[in-house]
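Undergrad: Protein chains in written order, with UniProt numbering: chain S, 1 to 238; chain E, 1 to 238; chain R, 1 to 238; chain W, 1 to 238; chain P, 1 to 238; chain X, 1 to 238.
Note that CB positions come from ideal geometry on N, CA and C, so glycine has one too.
Since the structure is predicted, the reported quantities are computational estimates derived from the model, not experimental observations.
Number of protein chains: 6
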Amino acid sequence: MRPSNRTPDQMRPVRITRHYTKHAEGSVLIEFGDTKVICTASVENSVPRFLKGKGQGWITAEYGMLPRSTGSRMDREATRGKQGGRTLEIQRLIGRSLRAAIDLRLLGEYTITLDCDVIQADGGTRTASITGACVALVDALRSLQRSKAIKTDPLKQMVAAVSVGIYEGQPVLDLDYPEDSRAETDMNVVMTATGGLIEVQGTAEGEAFSREQMNAMLALAEKGIGELFELQRQALAE
Amino acid sequence: MRPSNRTPDQMRPVRITRHYTKHAEGSVLIEFGDTKVICTASVENSVPRFLKGKGQGWITAEYGMLPRSTGSRMDREATRGKQGGRTLEIQRLIGRSLRAAIDLRLLGEYTITLDCDVIQADGGTRTASITGACVALVDALRSLQRSKAIKTDPLKQMVAAVSVGIYEGQPVLDLDYPEDSRAETDMNVVMTATGGLIEVQGTAEGEAFSREQMNAMLALAEKGIGELFELQRQALAE
Amino acid sequence: MRPSNRTPDQMRPVRITRHYTKHAEGSVLIEFGDTKVICTASVENSVPRFLKGKGQGWITAEYGMLPRSTGSRMDREATRGKQGGRTLEIQRLIGRSLRAAIDLRLLGEYTITLDCDVIQADGGTRTASITGACVALVDALRSLQRSKAIKTDPLKQMVAAVSVGIYEGQPVLDLDYPEDSRAETDMNVVMTATGGLIEVQGTAEGEAFSREQMNAMLALAEKGIGELFELQRQALAE
Amino acid sequence: MRPSNRTPDQMRPVRITRHYTKHAEGSVLIEFGDTKVICTASVENSVPRFLKGKGQGWITAEYGMLPRSTGSRMDREATRGKQGGRTLEIQRLIGRSLRAAIDLRLLGEYTITLDCDVIQADGGTRTASITGACVALVDALRSLQRSKAIKTDPLKQMVAAVSVGIYEGQPVLDLDYPEDSRAETDMNVVMTATGGLIEVQGTAEGEAFSREQMNAMLALAEKGIGELFELQRQALAE
Amino acid sequence: MRPSNRTPDQMRPVRITRHYTKHAEGSVLIEFGDTKVICTASVENSVPRFLKGKGQGWITAEYGMLPRSTGSRMDREATRGKQGGRTLEIQRLIGRSLRAAIDLRLLGEYTITLDCDVIQADGGTRTASITGACVALVDALRSLQRSKAIKTDPLKQMVAAVSVGIYEGQPVLDLDYPEDSRAETDMNVVMTATGGLIEVQGTAEGEAFSREQMNAMLALAEKGIGELFELQRQALAE
Amino acid sequence: MRPSNRTPDQMRPVRITRHYTKHAEGSVLIEFGDTKVICTASVENSVPRFLKGKGQGWITAEYGMLPRSTGSRMDREATRGKQGGRTLEIQRLIGRSLRAAIDLRLLGEYTITLDCDVIQADGGTRTASITGACVALVDALRSLQRSKAIKTDPLKQMVAAVSVGIYEGQPVLDLDYPEDSRAETDMNVVMTATGGLIEVQGTAEGEAFSREQMNAMLALAEKGIGELFELQRQALAE
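Here's what the structure looks like:
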């Protein structure tokens, strides 16, 4: 039995709120149960040095947690003077995942920065970030199209992500913190709406996992991500 | 005429939402019009080194802005590797102001950290932070009393803050960003509920201000802060 | 009775020594009693990036204390790897204050950096810095005029500063360290020679202060700053 | 056809040289073709703060590349003042993987630090690091046992790693740099000698990959890692 | 002919002013011509971690230059966030040299920090620093003896330093900046009052130097340092 | 008697292996007994800002030690966030020494970076670095000539270095770690193949040294460096 009484293949309630803050070209509050992340997409009319003059754009991501988004207060990374390894790892993952959603040549020489800031954490912040950031990204692309800055929609396919794991020997979908902190295996899966895998990151926390368990987890992830694509679609249709 | 059509002595609508996030001992969303700040109070059962063994507590504050809380995206301080001068100045101000609200000896050897994180900025983020952090602080003190960690309420008096300024020659209350960015003078005032001044920080941006203008601004601040004390009282009564 | 036996409205002896070191375009040793600060003004033939091509100049300031300028040795900020919050706050204040003295458009595309380095500290280092830096700045402007780099004097008005406070319930002028460390309220006031206020920064250290006390402190500050303007005038006449 | 003329399931020649440097408790040079990594294991008689008094040990890892281990010179991380995101990601992976090899309670209050320094890079540095570090770790454990510092061997199982990928549509084993830089998908797999998965990190570089491709890659990884376990066994038998 | 019209073996006028600032246990202004350095000695009742409980003391040094001590303004090291290589090299040299003056066991568990801050630079700042710091150190030792903190004088021998060099083919003593910036060879020599060498650091700037030139420079250094010992003696006799 | 049973004027066995790694334009493993340093020379087609447009090249050096190149593990400088004073001092020395080998005008607008990374340390790492880096530099110059990037060989003269010292009262050549850690005096000498001195850095560790001892050490250094020039010559002739 899961601590939250969910069935093994049951996601937490997911909510996607667009236009959450007023300044950003895309601004989304995404909630996976008690996990809440503000995802903003900011457009800048330039590209990093290594892309100058190549006629293509860039997508990058940054990730942060408010110091008391967690059960006990964490040091503020701005105070400690650097982002930790976990933060860098997550923001690299978000950036790679979202670049897979876009044809960078159609974007033109624009950079879109996706800021994913965790307001409240309860497991699955990186997968919620990817799923929410993709909606914010679409809003930013629409704003570029409305202003005629770009003519063709650079979106190739939506991208979404979910965590799966082995909890008390059982493959489960969308782990919350009580599960995540005790899971034997934790896996994050990023997929495209057309069914392809973008990222698979599985880690044995306590003991090794088998090929069979891996396949069971991937099946759960496919199911959950399918639901997320539907929620993204509904949110963007409003 | 003010850009927002307010009268010179009119505050923006102010909203105080308690229990905004679930982990912190005190958690408040405060809104001064479009300015939105999450203020959390985190209790830690220890004190900084310089207070060890002195039988008293400590109140400290940290301040941050989400990168796209503003009209154009700012660099993330965690990425730049340090907090800027403005950030340090503001968090020192918040900490000093809130320490004035508390009898640190009655707090016992606890540290309460007030994190003020700006979700959306439209002028007055530091005064909203002080006003909201005081409510979060009271919630944290109540939680310490409920758990019998402390016996006597360390709160001496509520503290609130507002900005005033000279805008097109006219003293005005509670400047929003369009006013703030063009004001001749900008002043932040922190007061106690018993009518005393805690901090007065007035800066001539364009030209010097007179003693008369200073007095007019202080009168406006007193009026606005009076309204804020009433809103804090109502929020804490719920 | 003040520890120094001064009357409440009595400044410490103030000395301004021009041409204190030989390399800088302006170099002043200013002494407020035992507080000694070297203020140099350095001219650079360029402006910061955000002003490039706007046809105006810039004034900026940096502040430092020798490690043993104080009663017990402080860590060197260069060793700790960053400037502390107090240092940043003070150098921002000095820069803002001195920019109020100058018409930046008449300065042309020059940057003048004011370095205020405390050799010996006994209270009031920031107000001594502002007062001395203004004299160094005038010397730098004269050097630019002598070399025909600029034609019109960009100086709008002299600027000076003094601290006031409430010490044992009594408003006093120009606090030295024994007073400053025990004052109930500490206020720094920056004014122009034409009587306008540039900055007012009042902080209740122990208990709140009243509007009446604030007015009494401002009156003392006006008196003290008047004396400083006379001393600046005499120094620059030599 | 692979650039190196290898068959799809063919590893590069792998060499493991023990006792490569003289100071470390374990010191191994591992070569995967032209990729050369020095892996040292250093024993320290203490544990990190978060483990003090818990009667268990700790395994941690650090990773670095000599500035000219690569085709064009990279900046030295010590000069840039911080480790990059890729470095942090890799050393976190190495540490997690090696902790899976050990029963930390049997290690006692010792910390073993695995330093993996790349002398020459040609793809697969992180998988070579894990494979070589496991041999160095065993040498360090043997040294602890020889000196009677610990009585029971804390080694649970050997650990090894290899990269696999999709190159020109074809699943291939052990990518060298010419393949890695053009692969559609890149996956790193860490396994135990008993056949369990420790880490699976698959990334689509250009286009998404399918579940079938994932399975084909995992099968190749199992084959390659099997060969690595045999080479580790031979090296440790000498 | 030297730019300053000095003979090859002639030092610049040297002045040593004790008790230059009031807070430090030892405080000296030393002038080698236009080079001016404030040297303070600060006593702290503890030792660095690596010496705890060994019953001996420690001498360490820090060096800094005011930003406009030089002909063109240098960046402040506190602003750049780290001390440069030249600064670290010099303060390591000062510390080593002064430790040679002291029997650290007789000092007891005290640390004396020598801060050498260059107010005005005209060549030879490191040798002036060593020579002045030794006088400040003696004042700090006397203060420890007066307060009965230590019973036996830990001073073994005075230490002084001077620069020599090859300028236009000619060995010269005590180079000022115009010479130093064009010298073929630059050598700093630190000696004890009993005639021993503590440090010799010779660097060919343009072309290599011979053993004969080295001997000629050492002879000049001995002469100059002899004069410095006499000036130290006179200053300490006052 | 020396711990290694060498005679006072006997060097350790020295080996120079060219083409040690495959990517760099010059790559040398140099061994002074158990001290092993990888020296690479990397060519970049640009110069630092201060040399832009002056028609000359630049030689610079960086130095590092693998964390477990020493008897007990040192913190990694990339992890600590900065290079230590000793590292900066050594890499400045290597850079200065190698610049003395080259006519920078004949090099053209190229920068050659010499990376000296210590794989195993047993005393004399800086002198081994200089001696090995000079060979790597020659290989890089040859590669520039082969590719017709430069026409004239910029090498003026080979450079090599050795340490000498006073160990138990006796001048000795090429100190290993057991001697170095207990030597009374330690001196590093850099010379040109034509017999000139480039750098002499002598430091009294315990007690001062005399002019006679200095001359004896310089004579030993001349002998040892003569042998090193012969070994460099042989290596480059292969």
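Using DSSP with H/G/I as helix, E/B as strand and the rest coil, what is W:Tyr167?
TA: strand
Undergrad: From the beta carbon of S:Ser210, is the nearest beta carbon of chain W less than 8 Å away?
TA: yes
Undergrad: Taking three-plus beta-carbon pairs below 8 Å as touching, is the segment 73-87 of chain R in contact with the segment 147-163 of chain R?
TA: no
Undergrad: Can you tell me whether E:Glu77 is buried or exposed, with buried defined as 16 or more other CB within 10 angstroms of its CB?
TA: Classified as buried, E:Glu77 has 16 or more neighbouring CB atoms from the shown chains inside 10 Å of its CB.
Undergrad: Out of S:Leu93, S:Leu231, S:Thr125, state which residue places its alpha-carbon closest to the alpha-carbon of S:Asp176.
TA: S:Thr125
Undergrad: Buried or exposed: which applies to P:Asn188, given that a residue is buried once 16 or more other Cβ atoms fall within 10 Å of its Cβ?
TA: buried
Undergrad: Assign E:Phe50 to buried or exposed, taking buried as 16 or more other Cβ atoms, counted over all protein chains shown, within 10 Å of its Cβ.
TA: exposed
Undergrad: What's the C-alpha gap between R:Ala183 and S:Ser147?
TA: 59 Å
Undergrad: Anything in chain R within Cβ reach of P:Ile119, meaning under 9 Å, just list it in chain order.
TA: Neighbours of P:Ile119 on chain R, chain order: Tyr20, Thr21, Ile38, Asp117, Ile119.
Undergrad: Are the CB atoms of P:Gly64 and P:Thr87 nearer to each other than 8 Å?
TA: yes
Undergrad: How many Å lie between R:Phe229 and E:Glu62 at the Cα?
TA: 39 Å
Undergrad: Looking at the C-beta of W:Met74, does it have a partner C-beta in chain S at a distance below 8 Å?
TA: no
Undergrad: In three-state DSSP terms, what is E:Asp176?
TA: coil
Undergrad: With distances taken Cα to Cα, identify the nearest neighbour of P:Lys151 among P:Gln157, P:Leu114, P:Glu109, P:Asp186.
TA: P:Glu109
Undergrad: Starting from W:Lys36, follow the beta strand (DSSP E) in both directions and report where the run begins and ends.
TA: 35-44
Undergrad: Check W:Asn5 in the structure and name its three-state DSSP category.
TA: coil
Undergrad: Who are the near neighbours of residue 241 of chain P in its chain, counting only those whose CB is closer than 6 Å to its CB and skipping five residues on each side?
TA: The requested residue 241 of chain P does not occur in the structure, where chain P is confined to residues 1 to 238.
Undergrad: Since P:Leu66 and P:Ile119 should fall inside the 8 Å C-beta cutoff, what is the C-beta to C-beta distance between them, to a whole number of angstroms?
TA: 6 Å
Undergrad: Quick one: give me the first and last residue of the beta strand (DSSP E) that W:Leu107 is part of.
TA: Per DSSP, W:Leu107 belongs to no beta strand (DSSP E); it is in the alpha helix (DSSP H), 104-107.
Undergrad: Any idea if P:Pro3 is buried or exposed, counting beta-carbon neighbours within 10 angstroms, 16 or more meaning buried?
TA: exposed
Undergrad: If we count Cβ pairs, one from each stretch, closer than 8 Å, do we get three or more for the segment 101-116 of chain P versus the segment 30-45 of chain P?
TA: yes
Undergrad: From P:Phe32 to P:Ser210, what distance separates their C-alpha atoms?
TA: 28 Å
Undergrad: Would you give the residue range spanned by the beta strand (DSSP E) that X:Phe32 belongs to?
TA: Note, X:Phe32: beta strand (DSSP E), 26-32.
Undergrad: Nearest chain W C-beta to X:Ser42 closer than 8 Å, yes or no?
TA: yes
Undergrad: At a CB distance below 9 Å, what residues from the segment 45-79 of chain P approach chain R? Give them in sequence order.
TA: Listed in sequence order: Glu62, Gly64, Leu66, Pro67, Arg68, Ser69, Thr70, Gly71, Ser72, Arg73, Arg76, Glu77, Ala78, Thr79.
Undergrad: Give the residues from the segment 79-97 of chain W that approach chain X closer than 7 Å (Cβ to any Cβ), ordered along the chain.
TA: Thr79, Gly81, Lys82, Gln83
Undergrad: Any beta carbon from chain R within less than 8 Å of E:Thr127's own beta carbon?
TA: No, E:Thr127 lies away from the interface with chain R (no Cβ there is under 8 Å from its Cβ).
Undergrad: Got a sec: is the Cβ-Cβ distance from P:Ala204 to anything in chain X below 8 Å?
TA: True, the Cβ-Cβ gap to chain X drops below 8 Å.
Undergrad: Just how far apart, CA to CA, sit X:Arg96 and E:Gly81?
TA: 32 Å
Undergrad: Can you tell me whether P:Arg12 is buried or exposed, with buried defined as 16 or more other CB within 10 angstroms of its CB?
TA: buried
Undergrad: Out of P:Asp9, P:Leu104, P:Ile94, P:Glu168, which one is the CA nearest neighbour of P:Asp117?
TA: Of P:Asp9, P:Leu104, P:Ile94, P:Glu168, the residue nearest in Cα terms is P:Ile94.
Undergrad: Give the DSSP-derived three-state secondary structure of W:Gln83 in the structure shown.
TA: coil
Undergrad: Contact check, W:Pro154 vs W:Leu173 under 8 Å by CB: the rounded distance?
TA: Not really, about 31 Å apart at Cβ, beyond 8 Å.
Undergrad: Could you work out which residues of chain S lie near E:Ala160, taking near to mean beta carbons separated by less than 8 Å?
TA: Under the 8 Å cutoff, chain S gives no residues; its nearest Cβ is about 22 Å from E:Ala160.
Undergrad: Between which two residues does the beta strand (DSSP E) harbouring R:Gly202 extend?
TA: 197-204
Undergrad: In the DSSP assignment, what residue or residues form a beta bridge with P:Gly64?
TA: P:Asp117
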